[in-house]
Amino acid sequence: MSIQIYNTATRQKEEFHPLNPPQVLMYNCGPTVYDYFHIGNARNFVVVDAIRRYLEFSGFRVRFVQNFTDIDDKIINRANETGEPWDKLAERFIQEYFVAADALGIQRATIHPRATEHIPQIINLVQKLIDAGLAYVVDGNVYFRVRRFHSYGELSGKNVDELEEGARVELEEHKEDPLDFALWKAAKPGEPWWESPWGRGRPGWHIECSAMALTHLGETIDIHSGGCDLVFPHHENERAQSMGATGKPFVRYWLHNGFLTINKEKMSKSLGNFFTIKEVLAKYPPSVVRFYLLSAHYRHPLDYSDAALEEAKSAVGRIREAVLSAEKLFELIDPAIAPPSEAEPSAEVAKFESAFCEAMDDDFNTPRAIAAIFEAVADLNAWRLKLAQDPRNPALAADVAGLINLVHRLLGVLGLDTLIFGEGKQDVGTESRLAEELLQLLVKVRKLAREQKQFAIADYIRDELATLGIRLQDLPTGTIWIKEKE
Ligand code: AMP
Ligand code: ZN
């Protein structure tokens with residue numbers, strides 16, 4: 052099956068065909084760097100990263116651009132409040148973006164362009180729009196002439212006349228029409244500025260993204276993404292500017308994620324109901340945060356609560372325990388039977404991968420893809436128990452090894468594998484780690500008791516553990532413990 056993507060522009064799922072396969076040109080609107088990003092922003096970055104990884108897994112080669120908006124009213128205001136120079140402030144939060152994004156397993160973009168490094172391209176683009184009659188200059192400001200662009204409103208499904216009614220209230224003196232938006236803003240005293248043919252000033256937000264997308268990806272890109280709050284006006288304006296300047300289609304598939312909410316309300320800086328990624332990562336390991344962010348379909352709302360994060364934590368713990376216990380079993384049985392890394396998946400194992408891909412092909416349905424991983428994990432638990440009882444069965448060993456590899460591979464596609472099993476190993480569930488260590492200790496004590504022929508003590512340990520749902524299994528090379536219930 053091919054990949055289906057819900058395209059905001061057509062309001063339906065469409066089969067995905069990039070312009071020049073296997074290449075995929077992808078642009079995601081990046082953060083405005085005046086603070087730590089919040090967990091709502093993180094949803095966009097993580098979801099888009101998982102989509103990018105899945106496209107790569109499906110054989111596409113993704114050229115992925117995500118910008119930094121490093122000049123903006125919010126940056127200037129914050130700098131004025133704190134006294135830090137605006138460019139130092141932006142640089143600091145760019146570095147903080149990378150720290151948190153790296154922790155969450157978000158791969159670096161092919162290019163991370165910064166708006167302030169594209170001033171000549173922005174000026175060129177604005178000039179082109181002026182030359183085409185789509186923009187005009189008033190007192191050092193340049194505005195886009197919305198009514199002159201043929202299909203304004205098509206992306207967001209808005210009607211220009213209705214927009215006009217809403218816009219009238221906030222009439223700005225200079226504009227020909229209240230609908231028009233700024234491409235270039237004349238410098239106000241104390242603000243950063245760049246020289247331009249229209250005097251000193253700085254770019255508007257929308258034109259920055261058009262210029263960076265055109266510079267690094269060309270006139271027509273395959274996927275443009277962002278949170279659904281960006282559909283209007285940001286993406287509508289980006290589309291008008293880019294198409295107005297090139298006369299070519301700008302984006303083939305517009306993709307927008309739903310909001311992360313808190314008490315069902317959009318999480319946002321302006322409402323003050325946000326948790327920064329730094330705060331969240333201080334409470335939960337990155338694997339849990341990433342798992343939580345992928346646990347809902349990207350277009351649906353996702354509500355933030357401690358209960359939801361705790362649920363994600365226990366789900367991650369279940370995956371981890373199943374895989375680590377199975378890997379442990381292989382250490383104890385003869386590794387020559389089925390070296391885990393070389394096992395080929397059997398048909399039984401491959402069905403989980405098909406279910407995973409079917410879910411991801413269907414507009415990147417991560418909750419269904421995760422459910423497929425859990426089905427594999429359930430089988431892994433069941434087969435591991437069988438293998439523990441029949442450790443010399445090579446077919447069974449191969450299936451268990453195949454399942455271990457499959458779970459790692461599918462978690463890897465979602466960017467979760469290294470977070471769950473890699474460097475982040477220590478930070479998932481200290482409690483369960485302690486429990487694991489105590490169990491190992493009991494197993495050792497039982498071994499010592501048996502060596503000293505204290506069989507009553509050894510049996511007591513085994514029987515008491517059994518009442519707790521933990522069965523000990525003696526193998527020729529050692530003893531493993533199997534949790535029989537959660
Ligand atoms: P910003 O730094 O505000 O430009 O936002 C960066 C990205 O996060 C954009 O794609 C926004 O649409 C997205 N975003 C902002 N708030 C939320 C939220 N509450 N839930 C999901 N995405 C969001
Ligand atoms: Zn943008």
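Numbers given in the numbering used here equal positions in the sequence shown, counted from 1, plus 51. Glycine included, each C-beta is placed from N, C-alpha and C at the ideal position.
To the nearest angstrom, report how far apart Leu360 and Ser346 are at their CA atoms.
In the sequence shown, the residue the question calls residue 360 occupies position 309. In the sequence shown, the residue the question calls residue 346 occupies position 295. So the two alpha carbons sit approximately 10 Å from each other.
Do you know how far the Cα of Ser338 is from the Cα of Gly475?
The residue given as residue 475 occupies position 424 in the sequence shown. The residue given as residue 338 occupies position 287 in the sequence shown. Low per-residue confidence applies at Gly475: pLDDT is 43, beneath 50, and the placement is therefore not dependable, though the value from the model is reported in the following sentence. Near 8 Å, if we compare the C-alpha coordinates of Ser338 and Gly475.
Taking Thr122 as the reference, give the member of Lys315, Gly204, Thr83 with the closest Cα.
Here residue 122 is taken as the residue at index 71 of the sequence shown, counted from 1. Note that residue 122 corresponds to Ile in the displayed sequence, not to Thr. Ranking Lys315, Gly204, Thr83 by Cα distance to Ile122 puts Thr83 first.
Could you give the first and the last residue of the continuous alpha helix (DSSP H) run that contains Trp532?
As a position in the sequence shown, residue 532 is number 481, starting the count at 1. Per DSSP, Trp532 belongs to no alpha helix (DSSP H); it is in the beta strand (DSSP E), 529 to 534.
Tell me the DSSP bridge mates of Gly278?
Position 227 of the sequence shown, counting from 1, holds the residue named residue 278. Gly278 pairs with Asn308.
If you count every other CB in all the chains shown that lies within 10 Å of the CB of Lys226, and 16 or more means buried, which is it?
Walking along the sequence shown from the start, residue 226 turns up at place 175. Result: buried.
Report whether the distance from the Cβ of Glu488 to the nearest heavy atom of the ligand ZN is below 7 Å.
Within the sequence shown, residue 488 is the residue found at index 437, counting from 1. Result no, Cβ not under 7 Å from the ligand ZN.
Mapping the DSSP letters down to three states, classify Thr161 as helix, strand or coil.
Start at 1 with the first residue of the sequence shown, and residue 161 comes out as number 110. Here Thr161 sits in coil by DSSP.
What is the DSSP secondary structure of Asn416, counted as helix, strand or coil?
In the sequence shown, counting from the first residue as 1, residue 416 sits at position 365. In this structure, Asn416 counts as coil in the three-state DSSP scheme.
Taking one C-beta from the region 289 to 300 and one from the region 261 to 278 each time, how about it: are there three or more such pairs within less than 8 Å?
Yes, they touch.
Given 7 Å as the limit, tell me if Cys279 has its C-beta closer than that to any heavy atom belonging to the ligand ZN.
Here residue 279 corresponds to residue number 228 of the sequence shown, with the count starting at 1. The answer is no for Cys279.
Within this structure, are the beta carbons of Trp256 and Val177 separated by less than 8 Å?
Here residue 256 corresponds to residue number 205 of the sequence shown, with the count starting at 1. Here residue 177 corresponds to residue number 126 of the sequence shown, with the count starting at 1. It is not a contact, given that the beta carbons lie outside the stated cut-off.
Going by C-alpha to C-alpha distance, which of Ile258, Lys329, Asp354 sits closest to Phe88?
The residue labelled residue 88 in the question sits at position 37 within the sequence shown. When only C-alpha atoms are compared, the closest one is Lys329.
Based on Cα-Cα distance, which residue from Glu399, Ser356, Ala101 lies nearest to Asp414?
Position 363 of the sequence shown holds residue 414. For the residues Glu399, Ser356, Ala101, the minimum Cα distance to Asp414 belongs to Ala101.
Quick check on Met411: does DSSP put it in helix, strand or coil?
Within the sequence shown, residue 411 is the residue found at index 360, counting from 1. Three-state DSSP puts Met411 in a helix.
Any chance the CB of His285 is under 7 Å from a heavy atom of the ligand ZN?
The sequence position of residue 285 within the sequence shown is 234, counting from 1. Result yes, Cβ under 7 Å from the ligand ZN.
Could you please give the first and the last residue of the uninterrupted alpha helix (DSSP H) stretch that includes Met263?
Numbered from 1 along the sequence shown, position 212 holds the residue referred to as residue 263. Run containing Met263: 256 to 268, per the alpha helix (DSSP H) assignment.
Starting from Arg253, follow its DSSP beta bridges and name the residues at the other end.
The residue given as residue 253 occupies position 202 in the sequence shown. Answer is Lys236.
How many angstroms separate the CA atom of Ile370 from the CA atom of Trp434?
Taking the sequence shown and counting its residues from 1, the one referred to as residue 370 is at position 319. Taking the sequence shown and counting its residues from 1, the one referred to as residue 434 is at position 383. About 15 Å.
Assign Asn71 to one of three DSSP states: helix, strand, or coil.
The sequence position of residue 71 within the sequence shown is 20, counting from 1. The answer is coil: DSSP assigns Asn71 none of H, G, I, E or B.
Would you mind working out which of Thr469, Gln503, Gln63, Ile531 sits nearest Leu516, comparing C-alpha positions?
Mapped onto the sequence shown, residue 516 falls at position 465. Nearest option by C-alpha distance: Ile531.
In the structure shown, what three-state DSSP assignment does Asn128 receive?
Position 77 of the sequence shown, counted from the start, is the residue given in the question as residue 128. Residue state, collapsed to three classes: helix.
Bridge partners for Asn79 per DSSP, in chain order?
Within the sequence shown, residue 79 is the residue found at index 28, counting from 1. In the DSSP output, where bridge partners are listed per residue, Asn79 has Gln117, Ser276.
Could you tell me the alpha carbon to alpha carbon distance between Gly277 and Glu287, rounded to whole angstroms?
One-based indexing of the sequence shown puts residue 277 at position 226. One-based indexing of the sequence shown puts residue 287 at position 236. Approximately 12 Å, taken between the alpha carbons.
Could you say which of Lys317, Asp354, Leu268 lies nearest to Thr161 if we only look at CA atoms?
To locate residue 161, count along the sequence shown from 1; it is residue 110. Looking at the Cα atoms, Leu268 is the closest of the given residues.
In three-state terms, what does DSSP make of Asn192?
Translated into the one-based positions of the sequence shown, residue 192 becomes position 141. Three-state DSSP puts Asn192 in a strand.
Can you tell me where the alpha helix (DSSP H) holding Tyr511 begins and where it ends?
In the sequence shown, counting from the first residue as 1, residue 511 sits at position 460. From DSSP, the alpha helix (DSSP H) with Tyr511 extends over 506 to 518.
Quick one: Cα of Gly252 to Cα of Pro240, how far?
The residue labelled residue 252 in the question sits at position 201 within the sequence shown. The residue labelled residue 240 in the question sits at position 189 within the sequence shown. Their backbone Cα atoms lie some 10 Å apart in a straight line.
So is the beta-carbon of Gly91 under 7 Å away from any non-hydrogen atom of the ligand AMP?
On the sequence shown, position 40 is the one that residue 91 refers to. Within the cutoff, so yes.
When burial is assigned at 16 or more other CB atoms within 10 Å of the CB, is Val458 buried or exposed?
For the purposes of this step, residue 458 is identified with residue 407 of the sequence shown, where counting begins at 1. Per the 10 Å Cβ criterion, buried.
Please classify Tyr349 as buried or exposed, where buried requires at least 16 neighbouring CB atoms within 10 angstroms.
Here residue 349 corresponds to residue number 298 of the sequence shown, with the count starting at 1. So Tyr349 ends up on the buried side.
Return the CA-CA distance between Leu462 and Ala507, expressed in angstroms with no decimal places.
Reading the sequence shown from its first residue, position 411 is the one you call residue 462. Reading the sequence shown from its first residue, position 456 is the one you call residue 507. Going from the Cα of Leu462 to the Cα of Ala507 covers about 44 Å.
What is the residue span of the alpha helix (DSSP H) that Asp468 lies within?
If you number the sequence shown from 1, residue 468 lands on position 417. Looking at the DSSP string, the run of the alpha helix (DSSP H) that includes Asp468 is 468 to 472.
Flag Leu345 as yes when its Cβ comes closer than 7 Å to any non-hydrogen atom of the ligand AMP, and as no otherwise.
Indexing the sequence shown from 1 puts residue 345 at position 294. Because no heavy atom of the ligand AMP lies under 7 Å away, the Cβ of Leu345 does not count as near it: no.
Does the Cβ of Glu289 have 16 or more other Cβ atoms within 10 Å, making it buried, or fewer, making it exposed?
For the purposes of this step, residue 289 is taken as the residue at position 238 of the sequence shown. Buried is the call here.
Which partner residues of Asp525 appear in the DSSP bridge assignment?
To locate residue 525, count along the sequence shown from 1; it is residue 474. DSSP lists Thr530 as partners of Asp525.
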